[in-house]
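Asker:
Have a look at this one:
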């Protein structure tokens with residue numbers, strides 16, 4: 016199976032996001048990347064949009080995950096940093112891979128602890144069609160169904176590379 020690469024997907028994602036924000040209309044979106052891959056994708060997307068100066072925040076929603084009790088504390092948990100007011104803001108939440116939907120649910124829970132955003136637009140590089148929760152991205156680079164026993168890993172931040180890995 017050949018995976019699409021971020022460099023191929025990002026220009027179309029930026030164009031789709033630009034159109035989505037124009038239709039809403041959202042003039043001053045504030046970007047939030049989910050650690051770690053979502054941060055890399057968000058920054059690459061901001062470069063594509065030529066908006067590197069846009070307000071940018073980082074979330075590590077590990078403590079908000081519903082499987083935290085089962086999986087325990089991940090050794091690479093980083094603090095979240097949102098250097099802007101969430102209350103009333105139009106947010107663009109970015110992650111690398113949308114699979115079960117649990118990371119996005121956790122990120123939304125954390126965002127609402129900071130305030131009540133006016134809107135949240137979800138952008139994901141890949142949608143793996145393996146949803147356990149009713150969450151969908153507004154902008155997606157590609158949708159894939161992986162063979163049994165495989166996972167996708169994003170390496171980065173430069174260059175951004177998607178790899179298929181054995182999960183057994």
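In the working numbering, the protein residues as written are 16 to 183.
Glycine is no exception: its CB is placed at the ideal position from the N, C-alpha and C atoms.
Have a look at residue 140 and residue 157 and give me their C-alpha separation to the nearest angstrom.
Answerer: Taking the chain shown and counting its residues from 1, one reaches residue 140 at position 125. Taking the chain shown and counting its residues from 1, one reaches residue 157 at position 142. Cα-Cα distance, rounded: 7 angstroms.
Asker: Nearest to residue 36 by CA position, among 20, 51, 16, 64, is which residue?
Answerer: Mapped onto the chain shown, residue 36 falls at position 21. The shortest Cα separation from residue 36 among 20, 51, 16, 64 belongs to 64.
Asker: Could you check the C-alpha separation between residue 78 and residue 129 for me, to the nearest Å?
Answerer: Residue 78 sits at position 63 when you count from the first residue of the chain shown. Residue 129 sits at position 114 when you count from the first residue of the chain shown. Their backbone Cα atoms lie some 15 angstroms apart in a straight line.
Asker: Return the CA-CA distance between residue 164 and residue 42, expressed in angstroms with no decimal places.
Answerer: If you number the chain shown from 1, residue 164 lands on position 149. If you number the chain shown from 1, residue 42 lands on position 27. Cα to Cα, the separation comes out at about 42 angstroms.
Asker: Express the C-alpha separation of residue 125 and residue 98 in angstroms, rounding to a whole number.
Answerer: Reading the chain shown from its first residue, position 83 is the one you call residue 98. Reading the chain shown from its first residue, position 110 is the one you call residue 125. Going from the Cα of residue 98 to the Cα of residue 125 covers about 14 angstroms.
Asker: Can you check DSSP and say which residues form a bridge with residue 46?
Answerer: For this step, residue 46 is matched to residue 31 along the chain shown. In the DSSP output, where bridge partners are listed per residue, residue 46 has 71, 107.
Asker: Rounded to a whole number of angstroms, what is the C-alpha to C-alpha distance between residue 177 and residue 168?
Answerer: Within the chain shown, residue 177 is the residue found at index 162, counting from 1. Within the chain shown, residue 168 is the residue found at index 153, counting from 1. Rounded to the nearest angstrom, the two C-alpha atoms are 6 angstroms apart.
Asker: In terms of residue numbering, what span does the alpha helix (DSSP H) encompassing residue 128 cover?
Answerer: The residue labelled residue 128 in the question sits at position 113 within the chain shown. Residues 117-129.
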